[in-house]
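One structure below.
2 protein chains.
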Amino acid sequence: MPPGYTGKVLRVDLAQRRTWTEEPPAGTYRTYLGGRALIAQYLLRELRPGTDPLGPENILVFATGVLTGVPVGGSGRNGVGARSPLTGAFGVSEAGGYFGAELKRAGFDAIVVHGKAASPAYLYVEDGRAEIRDAGHLWGLTTGESQERLHQELGDRAIRTAQIGPAGEKLVRYACVINDLHHAAGRTGMGAVMGSKNLKTIAVRGHKPVEVADPGAVAEMGRWLRDNVDKLARAMRDLGTAGVVTGLDRRSGLPTRHFRQGQFEGAQALSGRTMRDTILVDRGSCFACPVRCKRVVQAQEPFVIDRKYGGPEYETLAALGSLCGVSDLAAVCKAGELCNAYGLDTISTGVSVAFAMEASERGLLSHDDTDGLEPRFGDAGAMVALVERIARRQGLGDLLAEGVARAAARLGPGAQEFALHVKGQEVPMHEPRLKFGLGLGYALSPTGAEHCNNMHDTMFTSEGPGLDEVKPLGILEPVPANDLGPAKVRLYYYYVSWRHLLDSLVFCDFVPLDLDRLTSLVSATTGWDTSLWELLKVGERCHHLARAFNVREGFGPGDDRLPERFFSAFDSGPLAGVAIDPAALGVAKRTFYEMAGWDKNGVPTAGRLAELNLGWVSPLLPPTQ
Amino acid sequence: MPPGYTGKVLRVDLAQRRTWTEEPPAGTYRTYLGGRALIAQYLLRELRPGTDPLGPENILVFATGVLTGVPVGGSGRNGVGARSPLTGAFGVSEAGGYFGAELKRAGFDAIVVHGKAASPAYLYVEDGRAEIRDAGHLWGLTTGESQERLHQELGDRAIRTAQIGPAGEKLVRYACVINDLHHAAGRTGMGAVMGSKNLKTIAVRGHKPVEVADPGAVAEMGRWLRDNVDKLARAMRDLGTAGVVTGLDRRSGLPTRHFRQGQFEGAQALSGRTMRDTILVDRGSCFACPVRCKRVVQAQEPFVIDRKYGGPEYETLAALGSLCGVSDLAAVCKAGELCNAYGLDTISTGVSVAFAMEASERGLLSHDDTDGLEPRFGDAGAMVALVERIARRQGLGDLLAEGVARAAARLGPGAQEFALHVKGQEVPMHEPRLKFGLGLGYALSPTGAEHCNNMHDTMFTSEGPGLDEVKPLGILEPVPANDLGPAKVRLYYYYVSWRHLLDSLVFCDFVPLDLDRLTSLVSATTGWDTSLWELLKVGERCHHLARAFNVREGFGPGDDRLPERFFSAFDSGPLAGVAIDPAALGVAKRTFYEMAGWDKNGVPTAGRLAELNLGWVSPLLPPTQ
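Keeping their order, the protein sequence lines are chains A and B.
Start counting at 1 in the first sequence, then tack on 86, and there's your number in the numbering used here.
Start counting at 1 in the second sequence, then tack on 86, and there's your number in the numbering used here.
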């Protein structure tokens with residue numbers, strides 16, 4: 087960052103077909119860093135409460151962070167945020183790849199999209215200029231088809247895209263935004279918001295290297311990472327996130343048949359090793375990253391899978407695999423490919439399919455509902471078919487495209503009790519009964535059930551590298567996974583701050599930079615004499631902004647809940663008899679409120695907001711009790 | 087610190103004439119660091135609420151911190167704590183010199199003194215051993231006489247002492263503990279507690295260098311400090327803290343005639359330059375410190391001043407000088423010498439004398455009260471005489487030895503309105519009307535009115551080195567001195583955490599190590615992979631422990647107050663018309679409570695305590711509202 091740089095934000099008004107550039111007030115970047123925090127403050131400042139998430143008044147923000155585009159692995163990401171059509175709450179998701187770095191190289195730190203285009207449009211951004219262009223010829227195309235057309239007609243295959251597929255166009259409430267065909271800003275339905283604006287694609291090309299305060303120190307950090315990646319992240323490269331399938335299965339933590347089991351007889355078939363030894367053809371990467379955790383798979387029959395869509399993460403394998411009782415790896419990869427081609431969040435898609443399977447099993451779906459397709463656990467063909475129908479809103483897919491909360495509401499109380507969502511967002515592929523703190527995180531997360539900010543139970547519950555990593559936070563003792571006491575709440579509080587920091591830097595969690603190196607990298611990039619204190623406070627600030635947004639939208643303690651399924655135990659296996667105690671969860675929730683400086687209704691106090699330099703937020707909130 | 091080291095604490099039971107050594111539980115030092123935080127947790131754990139501060143059940147703790155004794159300037163200090171006989175609240179004070187380092191070299195991190203000796207005793211500590219010895223021959227002696235006797239009879243002039251003078255023996259409520267004759271643990275009456283235990287002196291000799299994890303890095307830090315001290319702390323060496331006299335006077339911030347004025351016609355006479363150019367004969371130092379901010383003065387007549395007692399700090403010059411309307415530097419130095427010889431806190435002493443002067447002026451003192459001495463502002467002789475009478479509890483001195491709160495209560499409501507104390511401790515020599523945040527700090531400080539933890543208004547209210555120093559805390563903008571809004575409260579919150587950190591490390595604030603170097607020094611010393619986050623959390627922890635102690639003793643929001651004098655303005659001068667608005671102060675106080683995670687009654691919430699790893703404290707407190 088050059089000294090005195092305050093950022094360049096591209097404003098796009100699709101209704102007026104107008105773009106302009108603005109520089110945020112001095113201090114904005116040091117206060118918010120970018121990404122999630124920057125997005126959250128835009129949403130709080132610029133949206134009126136009650137804005138229709140799919141109406142033209144919603145804004146859609148694409149944001150990089152201060153580290154984006156520096157030549158160190160982990161820096162290629164970007165965040166996408168808006169009020170979520172899935173939850174009505176703060177919506178945001180981050181994606182890897184190259185789009186974020188390219189946007190920065192094109193001279194912009196963020197794009198704020200306003201209004202709705204009268205007809206399908208795409209935004210072309212190159213080296214400080216931006217243009218709203220017609221996308222009538224792209225509308226209806228898959229991400230792959232659409233990107234190919236753009237690359238051909240613009241004559242530059244290096245153009246990076248963030249786009250929606252047909253699912254976003256059809257306003258599937260968990261449609262995602264796809265970068266470069268296989269990196270998804272998956273959660274909270276940002277693709278539907280993009281679709282509601284008739285915006286198919288943001289295509290970006292930039293030629294200007296990102297300027298940093300201390301190029302030598304930044305380069306040295308990149309070198310250090312390359313030199314140590316084999317030691318620190320070899321398993322991640324070898325097996326990707328799929329590497330965890332069998333370990334979770336052993337511990338009864340592999341969500342199976344709609345979370346009614348934690349072990350799956352087909353776990354081996356879905357494992358990272360099986361993938362590596364069968365259909366894996368390459369490992370993919372993101373900008374500047376030596377980790378190469380991404381999968382590239384290919385197959386011919388019975389499912390033709392195009393390698394250009396990459397390959398499945400663990401979440402995809404579990405959501406479309408074990409959760410649906412499907413052990414056919416190729417079918418799961420095909421469904422994952424469809425999600426990338428149509429622009430669907432694989433987690434919400436898988437949970438929606440599994441929800442339909444359980445509803446079908448319980449006889450809650452009429453023939454009219456199913457449109458002839460009766461999905462049953464283990465039916466790979468039905469699973470793949472449903473993914474396509476969801477994307478196209480056909481038959482049962484149209485119901486499921488609303489998400490399980492709304493689908494269950496239509497099917498009646500019998501269905502609501504097994505609709506696995508929090509705040510309307512489907513539960514990801516981590517088992518709260520294996521990690522109680524994760525359950526607390528699901529309940530409290532401002533974006534509804536999500537896993538990225540809730541892995542504290544995995545990292546800090548035993549001695550070892552995870553605990554060593556957080557000792558600089560003052561977390562000196564491990565806390566058992568099946569504990570929901572104050573020490574666990576503290577772990578969660580610190581972790582959620584750290585994660586919101588990473589999501590504001592929009593820096594990857596899989597890149598093994600410890601807290602000290604991360605702080606040094608921010609200093610070297612920006613020239614700020616910063617500290618872990620200042621950075622974690624941005625994380626806390628971000629989390630409080632998200633909470634404030636939700637409070638203003640009417641969310642309260644009753645929304646900080648878990649699906650009842652997690653309050654009863656499995657009959658057998660390593661977790662037999664283990665369930666989350668709702669009373670203990672309630673106590674932990676209240677402890678968290680106090681820890682965060684929120685009142686009994688979960689409303690941040692004015693004093694705490696002032697401590698986080700968020701005095702401007704208090705007047706937007708109801709009085710605290 | 088050797089790996090696995092958990093500390094060595096010397097327990098002393100004076101009643102049983104027994105000493106023993108214990109090792110605190112693993113993690114104690116990383117959680118509390120030493121000094122103030124270590125003391126606070128001892129007081130909370132081991133004192134019953136309502137313990138008589140001057141009774142045998144009070145404990146008196148001498149504590150070093152993890153940095154004490156390392157060969158870097160600032161590391162020679164130690165803290166002394168107990169329930170305060172002046173305030174009934176958390177009592178603690180830190181002293182410089184060599185005693186702390188020597189105690190550590192003798193193999194102990196802290197001493198906890200229990201009970202009361204049947205007859206005067208002193209404690210001798212040498213190289214891991216300790217002995218309670220008779221001090222009948224020392225009782226009644228000044229600190230200088232007593233130390234000389236000890237040095238002679240033990241045959242080792244390198245023995246370091248922490249001792250009381252006659253004032254401590256007489257239980258003057260603001261008697262102090264004196265290290266090496268001229269470094270005072272001045273405030274909150276720790277000398278009276280020592281006196282109440284019949285403990286005259288702790289004499290220490292140690293021969294074992296303090297072990298550190300990375301001697302090279304620690305030595306390098308010491309070298310850096312020596313190399314840069316001229317650049318960073320030249321004024322402090324040249325003029326000492328007395329350097330601020332004239333600057334404060336110019337801004338109407340030199341407390342004069344009992345805070346009824348802020349400018350003093352005798353300011354030049356009391357200035358650091360005048361001292362340097364007249365009676366200064368040397369500059370003193372503390373262990374390993376190249377700053378040499380301490381003064382050494384000497385005079386023959388009319389006041390004979392012995393250089394062995396050092397020389398006055400700014401607080402002493404103002405409290406015994408301008409506050410009493412006395413411009414005779416030699417008289418002020420003499421009074422300061424007497425405070426060191428008798429073991430009196432110069433601040434509380436000066437305020438008590440000035441209180442008597444105002445009471446006398448108002449005709450509130452009867453002849454019986456004054457014992458023939460009618461103190462008037464500007465009367466240097468009366469001021470010096472009163473210091474001696476306070477120490478010996480003679481005549482009016484006996485009344486003043488109780489502190490101004492108790493003295494005013496005896497003199498009646500007319501006197502209470504000008505008794506300048508908070509929570510029973512006399513206000514130090516900084517003008518809240520010049521720095522509104524300082525007033526907030528006076529009101530909130532757990533030890534009653536005190537200045538060390540409340541200088542945020544001086545440091546962060548303008549652009550410059552002070553602000554640069556705290557930018558790593560995320561304080562990016564200066565806040566005007568005459569502001570009590572949320573940004574000011576935030577400054578105070580962060581500063582008070584930082585200061586409580588320094589007081590737990592027992593590291594000197596005058597040594598120009600920035601936050602990053604301080605963190606590195608802790609890492610190099612301990613071998614911990616720590617961070618500024620972890621360290622500042624110790625500061626917050628310490629502050630919350632102190633608050634919890636006070637809450638348990640019945641202190642509440644009504645005690646977080648300011649004397650009314652600061653709510654009205656001076657008639658003339660740069661601050662004419664400027665006063666603290668009590669309503670604004672009340673709002674700031676409530677903002678602070680929220681920021682700290684305290685309820686409306688100022689009681690820390692269980693959640694916030696859990697966040698600070700202080701879950702054990704909650705059951706000691708009343709339920710939060």
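We put the beta carbon where it would ideally sit given N, CA and C, even for glycine.
First through last residue of the alpha helix (DSSP H) which encompasses residue i
i      : result
A:Q249 : From DSSP, A:Q249 is part of no alpha helix (DSSP H) but of the beta strand (DSSP E) over R246 to Q249.
A:S609 : L601 to T612
A:F176 : Looking at the DSSP string, A:F176 is not in any alpha helix (DSSP H); the run it does join, the beta strand (DSSP E), is F176 to A181.
A:W310 : P301 to L325
Residues that residue i contacts on chain C, provided the C-beta gap is smaller than 8 Å
i      : result
B:D615 : Any reference to chain C falls outside this structure, whose protein chains are A and B.
Cβ-heavy atom distance, residue i to the ligand GDP, below 7 Å
i      : result
B:K420 : As far as ligands go, the structure on display features none, and thus does not contain the ligand GDP.
Identity of the residues DSSP links to residue i by a beta bridge
i      : result
B:Y578 : DSSP lists no partner for B:Y578.
B:A271 : B:V263
A:V147 : A:G167 and A:V198
Residue range of the unbroken beta strand (DSSP E) whose run includes residue i
i      : result
B:I433 : No beta strand (DSSP E) holds B:I433; the alpha helix (DSSP H) holding it covers T432 to E447.
B:N636 : B:N636 -> not in any beta strand (DSSP E); alpha helix (DSSP H) instead, spanning L618 to R638.
B:K420 : Unbroken run through B:K420 is the alpha helix (DSSP H), L415 to Y428; no beta strand (DSSP E).
B:R496 : No beta strand (DSSP E) contains B:R496, which is instead part of the alpha helix (DSSP H) from V490 to L497.
Residue-chain proximity (residue i, chain A), Cβ-Cβ < 8 Å
i      : result
B:W310 : no
B:N699 : yes
B:F678 : yes
B:K623 : yes
B:E620 : yes
B:R116 : yes
B:A744 : A question about residue 744 of chain B goes unanswered here, because the residues of chain B that appear run from 87 up to 711.
Cβ shell of residue i (< 8 Å), same chain only, five flanking positions each side left out
i      : result
A:V304 : V156, P157, V158, V298, L607, A610 and T611
A:W310 : R603
B:K190 : T150, T154, G155, G292 and V296
8 Å Cβ cutoff, residue i in contact with chain B
i      : result
A:T691 : yes
A:W106 : no
A:E399 : no
A:R585 : no
A:V575 : yes
A:Y579 : yes
A:R478 : no
A:P572 : yes
7 Å CB neighbourhood of residue i in its chain, flanking five on each side removed
i      : result
A:V689 : V637, L707, P708 and T710
B:W225 : P206, E255 and K286
B:D455 : L482 and L485
B:I666 : P518, R519, F522, G525, L648, F652 and F653
B:Y528 : V508, V513, P518, A535, N540 and L648
B:P135 : R638 and E639
A:V565 : F546, T547, A573, K574 and L577
Residues of its chain near residue i, where Cβ-Cβ distance is below 6 Å and the 5 sequence neighbours each way are ignored
i      : result
B:L318 : P598
B:V439 : C410, M469 and L472
B:V556 : F546
B:F185 : N164, R246, A248 and N265
Inter-stretch contact (C-beta, 8 Å, three-pair minimum) for the segment 215–222 of chain A and the segment 95–104 of chain A:
yes
Given 8 Å, three or more beta-carbon pairs between the segment 267–282 of chain A and the segment 168–181 of chain A:
yes
Check whether the segment 405–421 of chain B touches the segment 455–471 of chain B, taking contact to mean three or more Cβ pairs, one atom from each stretch, closer than 8 Å.
yes
Count the CB pairs spanning the segment 440–447 of chain A and the segment 349–358 of chain A that are closer than 8 Å, and state whether there are at least three.
no
For the segment 138–152 of chain B against the segment 180–197 of chain B, do three or more pairs of beta-carbon atoms, one drawn from each stretch, fall closer than 8 Å, so that the two count as touching?
yes
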